[in-house]
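Sequential numbering of the sequence shown, starting at 143, is according to the working numbering. Quick reminder that beta carbons are idealized off the backbone N, C-alpha and C, glycines included.
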Amino acid sequence: MPINSREEKIDYDTYIRNLPFSTQRYLCSLLDPDQLWKKFVIHVPKKVDSPNFQERYSSMQVKLFEERGNKNNGSSTKCIIDDWGTQNSRVKHLLKALTEAELYAAADYLSVKILRQDPVQRKTSATSFSSHSDSLPYPPSFSPTQNIDSVDEKKFNKDKDISELTGQSLPQSSVDDVVYHRIQSYDVYPSNDAMAGLSLNSTIKHKNTDNYTKENKDNLPVIQPQTKTQEFSYKALCLITNDFDGRNLEEGGRVIGSGGFGKVYLGLPANDYKVAIKALKFEEDAKPDAQYEAMMTKQFQTELETLSEYRHENIVPFLGFSVDGYQKCLVYQYMPNGSLEDRLYCLHNTDPLLWQQRVKISHGTAEGIVYLNTNKLVHRDIKSANILLDENFSPKVGDFATVRLAPSGTGFSSAVSTKLVIGTSAYMAPEAPRFDISAKLDSFAFGVVLLELLTGLPPLDEQRSECDLLSYILENCDDTDITKYLDMKAGSWDIDIANSMYEVSRQCYENKKKDRVLVSEILPVLQKLVNKI
143 MPINSREEKI
153 DYDTYIRNLP
163 FSTQRYLCSL
173 LDPDQLWKKF
183 VIHVPKKVDS
193 PNFQERYSSM
203 QVKLFEERGN
213 KNNGSSTKCI
223 IDDWGTQNSR
233 VKHLLKALTE
243 AELYAAADYL
253 SVKILRQDPV
263 QRKTSATSFS
273 SHSDSLPYPP
283 SFSPTQNIDS
293 VDEKKFNKDK
303 DISELTGQSL
313 PQSSVDDVVY
323 HRIQSYDVYP
333 SNDAMAGLSL
343 NSTIKHKNTD
353 NYTKENKDNL
363 PVIQPQTKTQ
373 EFSYKALCLI
383 TNDFDGRNLE
393 EGGRVIGSGG
403 FGKVYLGLPA
413 NDYKVAIKAL
423 KFEEDAKPDA
433 QYEAMMTKQF
443 QTELETLSEY
453 RHENIVPFLG
463 FSVDGYQKCL
473 VYQYMPNGSL
483 EDRLYCLHNT
493 DPLLWQQRVK
503 ISHGTAEGIV
513 YLNTNKLVHR
523 DIKSANILLD
533 ENFSPKVGDF
543 ATVRLAPSGT
553 GFSSAVSTKL
563 VIGTSAYMAP
573 EAPRFDISAK
583 LDSFAFGVVL
593 LELLTGLPPL
603 DEQRSECDLL
613 SYILENCDDT
623 DITKYLDMKA
633 GSWDIDIANS
643 MYEVSRQCYE
653 NKKKDRVLVS
663 EILPVLQKLV
673 NKI
């Protein structure tokens with residue numbers, strides 16, 4: 143790459159804001175692909191010459207960089223350089239951050255091409271991010287060494303005669319077979335040979351409802367809750383959702399929720415046992431995308447496997463799945479009071495949650511999280527929108543598409559190589575952008591949920607001086623007294639109980655992971671608060 147006259151004057155003490163556009167653009171071309179900038183940003187110091195390193199950017203700021211980078215002609219790397227440049231940071235600081243992040247192509251470009259020095263020194267220890275890709279334990283069906291195409295057919299022949307009738311129960315051992323192997327003539331997690339049969343962009347271009355008559359729809363199937371995972375036919379799910387009516391419930395349709403995964407539909411079987419059916423997102427006219435397919439199939443697999451094996455009174459009740467039709471579906475017991483988020487903000491003019499209910503919800507949610515964590519599971523997306531409420535307002539932790547395994551006990555784990563930072567920005571722990579998965583991710587997020595329960599304020603609000611709720615409380619609220627910010631729609635709070643909940647939340651969202659509690663450690667405190675009601 144040619145060096146222009148301005149670049150020849152660049153040295154270690156040059157301010158990065160004075161780097162030529164061509165130099166900055168080339169750095170962006172190295173760091174923007176595959177979001178390598180996320181490895182760089184966590185090595186940017188809050189104070190450039192401080193002997194004690196502290197990260198400059200919060201998880202919220204990292205999320206904003208990502209959003210700006212996703213815009214047309216946007217660059218997350220350029221946003222970081224522009225912002226950091228206001229701190230009088232110099233080329234030597236930039237070079238150090240790139241080297242610490244082991245982004246040697248970018249570091250060598252600065253050192254060799256721009257500064258005309260030797261290549262940067264490589265780390266000799268095998269502690270890079272990529273070296274930890276297998277650092278967490280995997281259950282057998284998650285094993286990265288398992289070759290899906292080499293599965294022994296004999297392993298699942300015993301289940302090959304499973305009926306297509308609605309609600310056929312599967313033994314627990316069959317769930318793994320469903321996730322990875324062929325049952326009858328289709329796969330849930332298809333091999334290359336079978337991809338055409340069950341891809342999200344299936345060759346089936348209609349919803350298989352052409353043969354449904356009025357008489358069929360009057361003869362709705364019956365669904366009963368069972369302790370074992372059930373396999374449902376897609377035709378049966380079409381019947382109880384009015385052919386997956388895409389209108390919202392208030393418009394006479396069946397859609398009760400939606401997200402990046404797709405939509406959730408209300409199912410009404412003949413026996414009035416209401417169910418919620420999550421149907422994976424499918425773009426009928428879209429060009430097949432192998433990466434998108436793999437991601438969605440992985441999420442389907444993760445949720446199916448997790449909910450089939452792990453059942454608890456504070457985990458959303460899972461009924462079964464369907465994989466023989468237009469879209470893959472997961473079936474749950476319907477939660478009539480919706481999500482905690484909706485109830486806190488009184489969606490559809492519902493009554494506010496009383497403070498006593500909120501205390502009980504905090505305890506029940508903690509019970510669900512502790513159950514997951516003690517089984518070496520990290521939810522990674524705990525938030526009020528993923529906490530569902532049954533007819534008695536008992537909380538059920540839901541949405542297990544992002545669950546990962548991690549060591550239990552201490553809550554500590556090694557960094558994990560992944561291209562995606564999973565979670566929701568307002569609930570995201572500082573270590574999340576470092577791909578560091580541990581039970582303490584769930585602790586941090588739960589601390590923010592407790593703030594929502596106490597204040598009734600949304601986790602994100604661009605009208606606030608601090609957009610995210612945690613920053614707002616940290617900036618404005620006393621360390622020991624949250625009285626001023628309590629949600630008075632909840633009634634006359636017991637101030638001692640409220641401040642005790644606040645103290646629990648503070649222990650959960652400690653910035654340093656080593657100082658942060660596990661949810662299991664504060665569960666007894668929440669139980670005592672419930673007992674005082």
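- Around the beta carbon of Leu583, 16 or more other beta carbons lie within 10 angstroms, which makes this residue buried.
- No Cβ-Cβ contact shorter than 9 Å links Thr507 with Leu486.
- Per DSSP, reduced to three states, the secondary structure at Gly480 is coil, with no helix or strand assignment.
- Looking at the DSSP output, Ile382 bridges to nothing.
- In this structure, DSSP gives Asp387 a state outside helix and strand, which the three-state scheme calls coil.
- A Cβ-Cβ separation of about 7 Å places Leu668 in contact with Val646 under the 8 Å criterion.
- For Gln229, there is no enclosing beta strand (DSSP E), as DSSP marks it with neither H nor E.
- Comparing alpha-carbon positions, the option among Val512, Ser192, Lys502, Asn413 lying closest to Leu531 turns out to be Lys502.
- At least 9 Å separates the beta-carbon of Val190 from that of Gln166.
- Within the DSSP secondary-structure output, Phe535 pairs in no beta bridge.
- A Cβ-Cβ separation of about 12 Å leaves Gly467 out of contact with Glu373 under the 8 Å criterion.
- In terms of Cα proximity to Asp153, the closest of Ser375, Tyr474, Val262, Arg258 is Arg258.
- With contact defined as three or more Cβ pairs closer than 8 Å, the segment 472-482 and the segment 643-661 are not in contact.
- Around the beta-carbon of Asp541, 16 or more other beta-carbon atoms lie within 10 Å, marking it buried.
- Residue range 460-464 is occupied by the beta strand (DSSP E) that includes Phe463.
- Taking a contact as a CB-CB distance under 8 Å, the pair Ala243 and Phe182 counts as one, their CB atoms being some 5 Å apart.
- Ranked by Cα distance from Asp385, the first of Gly401, Lys518, Asn413, Ala421 is Ala421.
- The beta carbon of Ser536 sits closer than 7 Å to the beta carbons of Gly506 from its chain, once the five residues preceding and following it are set aside; these are given in chain order.
- Distances from the alpha-carbon of Leu519 to those of Gln469, Leu449, Lys525, Asn390 put Leu449 closest.
- Taken through DSSP and simplified to helix, strand or coil, Leu161 comes out as coil.
- Taking one beta carbon from each stretch, the segment 570-590 and the segment 655-669 have 3 or more pairs nearer than 8 Å; the two touch.
- Nearest to Ala247 by alpha-carbon distance, out of His235, Lys234, Val233, Val262, is Val262.
- Note that the C-beta distance between Lys525 and Thr566 is below 9 Å.
- Annotation: Lys213 to Met202 spans about 17 Å, alpha carbon to alpha carbon.
- Distance check between Asp155 and each of Val186, Lys234, Leu172, Asn215 places Lys234 closest, using alpha-carbon atoms only.
- A distance below 6 Å between beta-carbons, with the five flanking residues on each side excluded, links Gly589 to the following residues of its chain, in chain order: Ser647, Cys650, Tyr651.
- Taken through DSSP and simplified to helix, strand or coil, Leu472 comes out as strand.
- Tyr407 is the residue among Pro575, Ile382, Tyr407 whose C-alpha sits nearest the C-alpha of Leu391.
- Taking all protein chains in view, the Cβ of Gly409 is crowded by 16 or more other Cβ atoms within 10 Å, so the residue is classified as buried.
- Contact between the segment 593-606 and the segment 621-631 is present: three or more C-beta pairs spanning the two stretches fall below 8 Å.
- Residue pairing by DSSP places Lys405 opposite Ser400, Ala421 in a beta bridge.
- DSSP lists Pro187 as the bridge partner or partners of Glu197.
- Between the alpha carbons of Asn673 and Arg500 lies a gap of roughly 13 Å.
- When only Cα atoms are considered, Thr516 and Glu451 end up about 14 Å apart.
- Taking 9 Å as the cut-off, the Cβ atoms of Ile365 and Val458 do not count as close.
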